[in-house]
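Chains as they are written, first to last, in our numbering: chain G, 5 to 413; chain R, 5 to 413. Read the structure below first, then the notes.
There are 2 protein chains.
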Amino acid sequence: MADLFTVLTPREAWSKLEPHLHPMDRLEAVATAEALGRVLAEDTRAPTDLPHFPRSAMDGYAVRAEDTHGATEGLPAYLKVVGEVLMGKPAAVKLSPGEAALIHTGGMLAVGADAVVMVENTRSVDASMIEVVRPAAKGENVIQIGEDMAKGDALLPRGSILRPQDIGSLLSLGITRVSVFQKVKVALIPTGDELVPPETEPGPGQIRNTNAFALASMAAKAGAIPVVMDIVRDNYESLRATAQKALEMADVVVFSAGSSVSTRDMTSRVIESLGKPGVLVHGVSLRPGKPTILAVVGRKPVFGLPGNPASAMITFGIFVTPAIYRLSGCSQAQRFALKAKLTRNIPSATGREDYVPVKIEEKDGELHAEPVFGKSNLLFAMIRADGLARVPLDKGGMAAGESVEITLF
Amino acid sequence: MADLFTVLTPREAWSKLEPHLHPMDRLEAVATAEALGRVLAEDTRAPTDLPHFPRSAMDGYAVRAEDTHGATEGLPAYLKVVGEVLMGKPAAVKLSPGEAALIHTGGMLAVGADAVVMVENTRSVDASMIEVVRPAAKGENVIQIGEDMAKGDALLPRGSILRPQDIGSLLSLGITRVSVFQKVKVALIPTGDELVPPETEPGPGQIRNTNAFALASMAAKAGAIPVVMDIVRDNYESLRATAQKALEMADVVVFSAGSSVSTRDMTSRVIESLGKPGVLVHGVSLRPGKPTILAVVGRKPVFGLPGNPASAMITFGIFVTPAIYRLSGCSQAQRFALKAKLTRNIPSATGREDYVPVKIEEKDGELHAEPVFGKSNLLFAMIRADGLARVPLDKGGMAAGESVEITLF
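Encoded structure:
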């Protein structure tokens with residue numbers, strides 16, 4: 005129960021949790037063509053040269069560069085066209101001095117040729133003769149063997165999130181299956197005596213369970229498999245039983261708890277009862293999101309998030325999403341934040357990091373962030389917003405015109 | 005065959021295509037909880053007030069505001085605690101003057117109460133008596149009926165891409181199923197005599213078909229369902245037969261063609277033969293990506309993309325991705341571009357839009373874009389890059405230190 009009720013800065017809180025986060029050791033082999041967004045579990049290297057034959061980068065004529073030396077519009081070089089390199093075939097044409105072969109982009113360089121003259125720099129004299137009006141340097145418009153990638157070159161390191169070009173590159177080298185980290189399973193536990201399932205009409209004092217589903221979507225966006233557990237009542241024994249079940253089946257457990265002090269204390273006691281090291285952080289200097297709990301049971305991170313919908317989403321984004329990336333094996337957990345100009349002052353307090361929903365507009369090639377203020381950070385402020393502006397810890401608010409960092413939703 | 009071989013600017017090219025792009029009329033109903041990233045096909049409105057009862061925004065005591073008027077640390081108001089509002093229950097407690105009820109965040113306001121005093125602003129005298137040390141205004145710390153959302157209020161408009169908070173908001177109002185646009189089907193036709201499937205060892209002059217798979221991943225990222233067709237040889241009849249099959253099964257057809265002039269011409273002739281209006285644009289002032297074909301057959305957009313892997317991806321991002329968004333029914337096709345400071349000069353030519361792969365680094369809170377130069381924009385320049393920097397049409401290159409617009413991969 006160390007640090008209980010000691011409020012830490014978001015950075016301090018993360019640094020307590022971070023040493024406990026390790027990439028999962030469950031791997032699987034998947035078809036490269038289907039691996040978009042998956043995280044590589046192995047370093048990859050080029051098994052062959054790419055290209056594995058000298059290729060033309062242009063439509064034109066394969067030539068011997070020396071035959072074109074000194075060629076100009078006025079004094080062109082005359083070359084005899086002795087054939088055409090067919091696409092997808094070994095170059096059947098062999099050039100002797102003074103000869104050229106028709107070649108297409110991607111075609112294999114004719115034997116004896118060492119450059120390609122773009123078709124734009126040639127004139128046809130007759131069916132078997134061209135004029136070259138500009139000299140070609142040796143290697144010009146030729147992609148040499150291994151120029152894109154040489155055999156043994158490092159391709160993509162372990163921890164890469166596979167993007168379309170990565171999939172293309174792996175396939176171009178014949179790597180049709182890759183070892184990736186299995187997807188992280190995230191269990192979401194909705195707790196509260198006031199909750200009913202979304203399909204139920206809530207009575208007086210009741211609300212629909214929606215946080216768990218919004219957070220499940222955030223987990224899915226981070227590449228994880230979310231599992232929404234049944235609603236748990238504010239009762240130590242049932243909360244503990246559900247938490248234990250969640251810990252057994254999932255890699256990450258998130259309590260989407262009620263906001264009252266008593267519920268938070270119960271969540272914290274349940275976590276402590278499940279195993280070591282237990283609760284690491286209880287309270288973060290963050291608005292919204294102060295009553296956040298960060299914990300670890302065994303090797304699994306466990307989070308207690310505030311019940312307010314906006315607070316729950318914001319703290320999920322700050323702590324749970326990066327934790328999912330770590331467990332997923334990602335080496336690059338962070339993306340680059342957008343910058344925008346504030347249209348209005350945002351009040352804040354020094355020593356606290358504030359997140360304010362903003363609407364982004366582009367004016368004169370610049371991005372502007374308009375704060376969407378809403379009482380208690382209600383959910384509907386979040387749907388009107390494009391992202392969250394961050395007011396750093398050391399600033400007592402920010403002034404209109406200042407540049408803020410935005411996390412897009 | 006209008007405008008054939010007339011090179012248009014990217015904006016002009018898009019404006020020829022855009023009038024032909026309409027949201028698909030194939031809709032489907034899906035569970036809201038599973039609808040992340042889907043596009044709403046209906047305007048949604050709040051069917052009820054949210055909240056539908058007055059809720060406490062804080063842990064504290066439900067009070068009659070007038071009973072606390074003038075209360076100070078030195079001269080507190082004394083209130084009798086007559087009960088507790090249980091979470092999820094109708095408020096059973098009824099307050100008479102001089103009374104208060106214990107209440108938790110999210111609890112239903114006790115009958116007779118009109119404000120909540122935060123627990124921090126009270127002192128316990130004994131089990132049934134508290135001191136209130138600050139006055140509460142009427143409505144303070146209370147979320148009124150309909151304050152988050154009033155019955156009939158516009159929620160999310162048709163065309164919204166559903167984000168986690170949108171899913172939460174819909175569910176909070178009991179909207180558990182939504183009508184969405186069906187996913188757009190994109191057929192990718194790899195063409196070229198030089199292509200072999202990725203699992204085949206290519207012979208001299210041959211390369212693996214990889215563009216179609218990289219583009220399929222881009223289509224999937226844009227929310228579409230990609231279908232990679234079998235490799236088609238450079239032969240008018242087989243290309244036409246495959247194109248016809250693709251047009252029947254898909255909403256968008258993309259030829260990932262060889263780069264040679266003859267292949268491009270064949271693609272263009274095949275498209276013309278399939279139906280009206282046919283080829284709209286053949287050639288865009290873009291580097292890489294000049295030999296791009298934009299066409300429409302019936303209501304379906306058809307694209308002929310250059311064979312160079314980087315060119316194919318860049319032109320897909322500029323033309324095919326926004327077209328997919330339009331067909332998907334998205335109202336907001338564009339995301340906000342990141343800005344970064346160039347670390348080196350980028351040469352370009354006026355009248356041409358250039359895209360240069362860049363690596364992004366954050367230094368002193370600023371983003372810097374380092375161009376990744378690679379001969380012929382090979383695929384491996386793309387895997388080293390984080391995104392593409394755009395050199396606008398009217399600039400003859402850009403200087404180190406200038407701010408460029410970045411599209412992240």
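Glycine included, every Cβ here is placed at the ideal spot set by N, Cα and C. None of the values given here were measured: they were computed from a predicted structure.
May I have the straight-line CA-CA distance separating R/R273 from R/I297, to the nearest angstrom? Taking the straight line from one Cα to the other gives about 11 angstroms.
Please check the pair G/I364 and G/L392, which I expect to be a contact at CB under 8 angstroms, by giving their CB distance rounded to whole angstroms. So it is not a contact: roughly 11 angstroms between Cβ atoms.
Hey, is G/S289's beta-carbon within less than 8 angstroms of any beta-carbon in chain R? Output row for G/S289: interface = no.
Is it buried or exposed for G/H108, if we count other Cβ within 10 angstroms and need 16 for buried? G/H108 is classed as buried because its beta carbon has at least 16 other beta carbons within 10 Å across all chains shown.
Ends of the alpha helix (DSSP H) at R/G172? Residues P168 to S176.
Within-8 angstroms CB hit, G/T319 to chain R: Chain R places no beta carbon closer than 8 angstroms to that of G/T319, leaving this residue out of the contacts.
Name the chain R residues whose beta carbon is nearer than 7 angstroms to that of G/F217? Here the neighbours are A37, I171, G172 and L175.
G/A4 by DSSP, collapsed to three states: which one? Because residue 4 of chain G is not part of the residues shown, which for chain G are 5 to 413, the question remains open.
Which residue comes first and which comes last in the alpha helix (DSSP H) that contains R/S266? Residues V265 to L278.
Proximal chain G residues relative to R/S3, where beta-carbon distance stays under 7 angstroms: Look at the range of chain R in this structure, 5 to 413, and you will see that residue 3 of chain R is not part of it.
Please report how far the alpha carbon of R/L382 lies from the alpha carbon of G/D152, in whole angstroms. Cα to Cα, the separation comes out at about 6 angstroms.
Residues in the region 294 to 324 of chain R having any Cβ partner in chain G nearer than 7 angstroms: Result list: G311, P313 and M317.
What is the DSSP secondary structure of R/G146, reduced to helix, strand or coil? Sequence inspection shows Val at residue 146 of chain R; the Gly mentioned does not correspond to that position. Looking at R/V146 - three-state DSSP - the assignment turns out to be strand.
Nearest-angstrom beta carbon gap, G/V188 and G/A228 [assumed within contact, 8 angstroms]: Contact between G/A228 and G/V188 holds, since their C-beta atoms are separated by about 4 angstroms, short of 8 angstroms.
From the DSSP output, in three-state form, read off G/L342 for me. Three-state result, G/L342: strand.
Residues in the region 57 to 70 of chain R having any Cβ partner in chain G nearer than 7 angstroms: Flagged, chain order: F57, A61 and D63.
Going along the chain, which residues of its own chain have a beta-carbon closer than 6 angstroms to the beta-carbon of G/V360, five neighbours each way excluded? Contacts found: I350, P375 and A393.
Is G/D358 close to chain R, meaning its C-beta is less than 8 angstroms from at least one C-beta of that chain? G/D358 does not count as touching chain R.
Euclidean distance between Cα positions of G/A254 and G/G163: Distance between the alpha carbons of G/A254 and G/G163 is about 21 angstroms.
Roughly how many angstroms lie between the CA atoms of R/M62 and R/V146, to the nearest whole one? Each residue's alpha carbon lies about 8 angstroms from the other.
From the DSSP output, read off the bridge partner residues of R/G282. According to DSSP, R/G282 bridges with R/V300.
Please list the terminal residues of the continuous beta strand (DSSP E) segment that includes G/L397. Neither: G/L397 is in no beta strand (DSSP E) and is coded neither H nor E.
Rounded separation between G/A140 and G/M122 - CA only: If you take the alpha carbons of G/A140 and G/M122, they lie about 9 angstroms apart.
Run through DSSP, which three-state label would G/K367 get? Three-state result, G/K367: strand.
Using a cut-off of 9 angstroms between C-beta atoms, extract the partners of G/L192 located in chain R. The premise fails here: G/L192 is roughly 11 angstroms from chain R at the closest Cβ pair, so nothing lies under 9 angstroms.
Kindly list, in the order they appear in chain R, the residues whose Cβ is closer than 7 angstroms to that of G/T214. Residues of chain R passing the Cβ test: G172, L175 and S176.
Between the alpha carbons of G/P230 and R/E38, how many angstroms are there, rounded? When rounded, the separation of the alpha-carbon atoms in G/P230 and R/E38 is 11 angstroms.
Check this for me: beta carbons of R/L199 and R/I235, under 8 angstroms apart or not? In this structure, R/I235 lies closer than 8 angstroms to R/L199 by Cβ.
Taking any Cβ of chain A, which residues in the region 87 to 120 of chain R have a Cβ under 8 angstroms from it, in chain order? You won't find chain A in this structure, because its protein chains are G and R.
Exposed or buried, G/P313, counting other C-beta atoms within 10 Å across all chains shown (16 or more means buried)? Answer is buried; the Cβ neighbour count reaches 16.
Work out the CA separation of R/A353 and G/G111 for me, nearest whole Å. In this structure, the CA atom of G/G111 is about 28 angstroms from the CA atom of R/A353.
Pairs of beta-carbons, one from the region 265 to 280 of chain R and one from the region 213 to 225 of chain R, closer than 8 angstroms: are there three or more? The region 265 to 280 of chain R makes no contact with the region 213 to 225 of chain R: fewer than 3 CB pairs, one atom from each, lie closer than 8 angstroms.
Buried or exposed for R/D47, going by 16 or more other Cβ atoms inside 10 Å? Exposed, because fewer than 16 other Cβ atoms sit within 10 Å of the Cβ of R/D47.
Please classify G/L284 as buried or exposed, where buried requires at least 16 other C-beta atoms within 10 Å of its C-beta. Here G/L284 is buried. Its C-beta has 16 or more other C-beta atoms within 10 Å.
Nearest candidate by alpha-carbon position, reference R/A105, set R/P305, R/L90, R/V85 and R/P94: The residue with the shortest Cα to Cα distance from R/A105 is R/V85.
Would you please state the rounded distance, in angstroms, between the beta carbons of G/L397 and G/F320? I believe it to be under 8 angstroms. The Cβ separation is near 20 angstroms, so there is no contact.
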